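Read top to bottom, the protein sequences are chains A and B.
Quick note on numbering that gives the first Met the number 0: the first sequence kicks off at 0 and runs consecutively.
Quick note on numbering that gives the first Met the number 0: the second sequence kicks off at 0 and runs consecutively.
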Amino acid sequence: MATIAERRLSAPRLEPWQDPKAAPYVHIERVTKKFGDVYAVDDLSLDIFQGEFFSLLGSSGCGKSTLLRLLAGLEYPSAGRIFIDGVDVTNVPPYSRPVNMMFQSYALFPHMSVEQNVEFGLKQDRLPRRERAERVGEMLDLLKISELRRRRPEQLSGGQRQRVALARSLAKHPKLLLLDEPLGALDKRLRENTQFELVNLQERLGITFVTVTHDQEEAMTMSTRIAIMDAGQIMQLDTPTAIYEFPSCRFVAEFIGSVNLFEGKIVSSDGDRVVVDTRLGRPIHMRSFLPHPIGTPVTVAVRPEKMRLCQEFREDGVNQLKGTVEDIAYLGDVSIYRIRVGDGQLVEMTLTNIQPRTEQALTWEQEVAIEWSPTSGVVLTE
Amino acid sequence: MKRRSWPLLGVLAFGYAFLYVPILLLILYSFNESRLVTVWSGFSFKWYGELLHNRQLLDAAWLSVRIAAVNATVAMILGTLAANALTRHGRFRGRTGFELLLTAPLVMPDVIIGLSLLLLFVAMQQTIGWPDGRGFTTIAIAHITFSMAYVTVVVRSRLARMDASLEEAAMDLGARPLTVYLRITLPLIAPALLSGWLLAFTLSLDDLVIASFVSGPGSTTLPMVVYSSVRMGVSPQINALATLIVAIVALAVIVAGWTMRQKPDRAQKRGA
C-alpha cells in the first residue's frame with residue numbers, strides 16, 4: 000500500500016475526492032440520528048477517502064461528536080447506512096469494527112499501567128504474548144513514551160495522557176482512527192507542537208484520520224478537508240483554503256475567521272464581474288463565477304486582511320471607502336483596526352506591523368481611506 | 000507554635016466521651032469479678048471462661064455470622080445487578096416502579112417488613128411447602144430483601160460517577176460487553192462492592208426486629224439472645240462477648256485501613 004507521500008508524487012495532482020473513480024473509504028449515506036425529538040445528525044451524506052486527515056468542525060451541539068460516535072459504533076443511526084471499506088457496518092457493534100477512537104477525556108483505564116492500557120486492545124484480539132509485547136514496544140517508541148510504561152494514568156501529565164491514549168488507539172493498527180477533540184485538553188503551546196506531530200504521524204502510518212474539533216485553527220492546520228457542521232448538517236465540505244477563501248454561505252464565512260459583510264442587491268452582471276449596490280453609498284465591484292440575475296439580494300464577504308490602506312482616494316475609485324479609526328487592537332505581529340465608514344458600519348482591517356508600533360501612521364479618530372480588490376472576496380447568496 | 004483552644008478541646012473531649020464511654024464501660028465490666036454489672040469488685044477473666052461454655056450464646060453468634068455472610072454476599076450480587084440496570088440500561092419499561100420498590104425498604108419501618116415477610120413465608124409454606132418452617136433460610140431471605148436496597152444505593156452512586164467513556168473505549172478496542180464488565184467496570188467499582196458487602200453484613204448482624212418475626216424455634220440470632228437475656232438481667236457474659244466483637248471489628252478496621260494506605264505507596268514506587 001502506498002503512503003500518501005508516494006501517492007502524491009506518483010499520481011497526477013488529482014486528490015481522491017476530485018477523482019470520480021476513487022472509491023470512498025468511509026461512505027455515509029443519508030444518515031439521521033435522533034435523540035428523542037432532537038435531530039443530532041440530519042439526513043447527512045459524506046464520503047471520506049483513504050489517507051485523508053478529515054475534520055468535522057462546528058460549535059458545540061452541531062452533531063459532529065454524534066457523527067463520530069456513529070462511525071465508532073457507539074451510537075446506531077435512526078435512518079441511513081454507513082459503509083467502511085465497502086462493508087455495511089450500520090448495525091455492527093463497536094467491538095467488531097475496524098475502527099479505533101481516541102476519546103476526548105482520553106478514557107485511560109485508571110487501574111492499569113500505561114503498558115497494560117496499550118496492550119488491552121491486542122489482548123482482545125488474542126495475539127500471542129510475544130507479538131503483543133513487540134507491538135506495545137513499537138507504539139511506546141513511536142510516541143516517545145517508553146519511559147512511562149509502568150506508570151498509572153493518574154501519575155501522568157495531560158500531554159503524556161494524550162500520547163498514551165493515541166498509542167492505545169493506534170496499537171491495533173486500525174485503518175481508520177477517530178479522534179474526538181484530540182488536542183482539546185492541552186495548553187496552547189503543547190497544542191501547536193502536537194498538531195504537527197499528529198499530521199506527521201498520520202502521513203507516516205497512512206491511516207485515515209477523522210477528527211472532531213471546535214477549534215478552527217486546529218482544523219485549518221491539520222486537515223486535508225474540513226466539513227463545517229451546523230444543526231446536524233454539513234454547511235460546506237472542502238479543503239481548508241477553499242473554505243477560508245471561498246465560503247459558500249454566510250454561516251461558513253462568519254464561522255471561520257473574521258469577515259466584513261456588506262448586504263446589497265446585484266445591479267449589473269457582466270461575465271464574471273458583478274456590481275452590488277449597498278448602503279455604503281457606492282457600488283461594490285466583485286468577481287463572481289456564479290450567474291447572478293439583476294436584483295438578487297446578496298452579501299459581499301471580505302476578510303479583514305484583504306483590506307488595505309488606500310494610497311490614492313478617488314470619488315470613482317473601485318471599492319474605496321472613507322472612514323474614521325474607532326478601535327485598534329495591537330496583537331504584536333498584526334494590528335486589527337475597526338473603521339467606521341459612511342453609513343455607520345464598522346469595517347475590520349488587519350495590517351501587518353511592518354514598522355514598530357510606536358512609529359505607526361494610524362491612530363484613533365484618524366480619517367482614513369481603505370480599499371480592496373474585486374478578486375479578494377466572495378459574493379454570497381445565502 | 001499551635002495555639003491551644005481550651006473550649007474547642009473540651010468539645011472534642013465531650014464528643015469522644017459521648018461516643019466511646021459506653022463502649023469502654025462495657026469492656027471494663029467484662030473483666031469484673033462480680034455478677035452485678037454495676038458494681039466493681041475486682042479483675043477477672045471469669046466471664047470469658049463461662050462464655051466459652053455457654054452453648055446457647057455461642058450458637059446464636061455463629062448463626063448470626065453465617066446469616067450475615069450469606070446475606071452480604073447475595074445482597075452484594077443482587078444489589079450490583081440492580082444498580083447496573085438503573086445506571087446502564089436507559090429508560091426501560093417499568094424503571095420508575097423498579098426504582099421505587101428498591102428504595103422502599105430504606106424507608107419502610109422494620110416492623111412492617113418483618114410482619115409482611117412472616118405472612119408471606121407462612122402463606123408460601125401452606126401453598127408450595129417451601130420454606131419448610133422458619134429459621135436460617137427465612138432470616139437470610141428477609142435480610143437480603145432490605146440490605147440489597149442499601150447495596151444498590153452504594154454501588155449505583157459509584158457507577159454513576161464512573162466515566163462511561165471508559166467502557167466505550169474498552170468496547171472500541173474490541174472487548175465484548177462481558178469482558179468490558181469483568182475487566183473494566185468491576186475492578187473500578189470494587190471498592191463500592193466491598194463497602195456494600197460490609198454494610199449488608201453489619202445490617203444483618205445487628206437486626207433484631209425483622210429477625211424476630213421470621214425466625215423459628217431453634218434459630219435464635221445473637222441480637223435476639225442478647226435482648227432476651229437483658230430482660231431477665233444482664234449477665235457479664237454479654238459484656239465479654241461484646242468486648243470480643245469490638246476487638247474483632249477494631250482489628251478488621253485497622254487492617255483494612257492499613258492495606259488501603261499501603262496501596263498508593265506501592266503504586267508510586269513502581270511508577271518511579
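We put the beta carbon where it would ideally sit given N, CA and C, even for glycine.
Because the structure is a prediction, the values reported are computed rather than measured.
Proximity test, Cβ basis, 8 angstroms: residue i and chain A
i        : result
Ala174/B : yes
Pro186/B : yes
Met277/B : Residue 277/B is absent from the model: chain B starts at 0 and stops at 271.
Glu167/B : yes
Val156/B : In the sequence as presented, Val is not what sits at residue 156/B; that position holds Ser. It does not: the Cβ of Ser156/B has no partner Cβ on chain A nearer than 8 angstroms.
Thr86/B  : no
Thr219/B : no
Thr178/B : yes
Ile183/B : yes
Helix, strand or coil at residue i according to DSSP, with G and I counted as helix
i        : result
Gly9/B   : helix
Ser203/B : helix
Leu142/A : coil
Pro176/B : helix
Pro296/A : strand
Gln344/A : coil
Thr258/B : helix
Ser395/A : Residue 395/A is absent from the model: chain A starts at 0 and stops at 381.
Thr277/A : strand
Arg265/B : With a pLDDT of 44 at Arg265/B, under the threshold of 50, the predicted position of this residue should be treated as unreliable, though the coordinate-derived value follows. Helix.
Ile3/A   : Because the pLDDT at Ile3/A is just 44, under 50, the model does not fix this residue reliably, and the value given afterwards should be weighed accordingly. Looking at Ile3/A - three-state DSSP - the assignment turns out to be helix.
Asp186/A : coil
Pro216/B : coil
Thr126/B : helix
Asn31/B  : strand
Val38/B  : coil
Tyr459/A : Residue 459/A lies beyond the stretch modelled for chain A, which goes from 0 to 381, so this question has no answer here.
Phe208/A : strand
Arg339/A : strand
Ser59/A  : coil
Proximity test, Cβ basis, 8 angstroms: residue i and chain B
i        : result
Ser287/A : no
Ser104/A : yes
Asp124/A : yes
Leu93/A  : The sequence given here has Pro at residue 93/A, not Leu. Yes - at least one Cβ of chain B is within 8 angstroms of the one on Pro93/A.
Lys32/A  : no
Trp16/A  : no
Asn99/A  : yes
His110/A : yes
Gly50/A  : no
Phe119/A : yes
Residue i: first and last residue of the uninterrupted alpha helix (DSSP H) it sits in
i        : result
His142/B : 135 to 160
Ala168/B : 163 to 171
Arg167/A : 157 to 169
Gly376/A : Segment: none, Gly376/A is in no alpha helix (DSSP H) and carries neither H nor E.
Arg87/B  : 54 to 87
Ser227/B : 221 to 230
Tyr47/B  : 45 to 51
The beta strand (DSSP E) enclosing residue i, as first and last residue numbers
i        : result
Ala368/A : 366 to 370
Val25/A  : 25 to 34
Met234/A : 232 to 237
Met100/A : 98 to 101
Asn259/A : 259 to 269
Arg148/A : No beta strand (DSSP E) contains Arg148/A, which DSSP labels as neither H nor E.
Thr319/A : According to the sequence as given, residue 319/A is Gln; it is not Thr. Start and end: 319 to 329.
Gly425/A : The first residue shown for chain A is 0 and the last is 381, placing residue 425/A beyond what the model contains.
Met285/A : 283 to 286
Arg224/A : 224 to 229
When Cβ atoms are compared, which residues of the stretch 70 to 86 of chain A fall closer than 7 angstroms to chain B? Ala71, Leu73
Tell me whether the stretch 239 to 258 of chain B and the stretch 101 to 110 of chain B touch, counting them as touching only if at least three CB pairs, one residue from each stretch, are closer than 8 angstroms. no
Count the CB pairs spanning the stretch 154 to 165 of chain A and the stretch 127 to 137 of chain A that are closer than 8 angstroms, and state whether there are at least three. no
Tell me whether the stretch 144 to 156 of chain B and the stretch 190 to 207 of chain B touch, counting them as touching only if at least three CB pairs, one residue from each stretch, are closer than 8 angstroms. yes
In the stretch 130 to 164 of chain B, which residues sit with their C-beta less than 7 angstroms from some C-beta in chain A, listed in chain order? Asp162, Ser164
Across the stretch 330 to 350 of chain A and the stretch 28 to 47 of chain B, are there enough close Cβ pairs to call them in contact, namely three or more that are closer than 8 angstroms? no
Note down, in chain order, all residues in the stretch 156 to 174 of chain A with a beta-carbon under 9 angstroms from any beta-carbon belonging to chain B. Ala164, Arg167, Ser168, Ala170, Lys171
Give a yes or no on contact between the stretch 90 to 99 of chain A and the stretch 45 to 55 of chain A, applying the rule of three or more CB pairs nearer than 8 angstroms. no
Check whether the stretch 72 to 82 of chain A touches the stretch 120 to 135 of chain B, counting contact only when three or more Cβ pairs, one atom from each stretch, lie closer than 8 angstroms. no
Please confirm if the stretch 208 to 220 of chain A is in contact with the stretch 174 to 185 of chain A, defined as three or more CB-CB distances below 8 angstroms between the two stretches. yes
Determine, using beta-carbon pairs with one atom in the stretch 317 to 335 of chain A and one in the stretch 279 to 297 of chain A, whether at least three such pairs fall under 8 angstroms. yes
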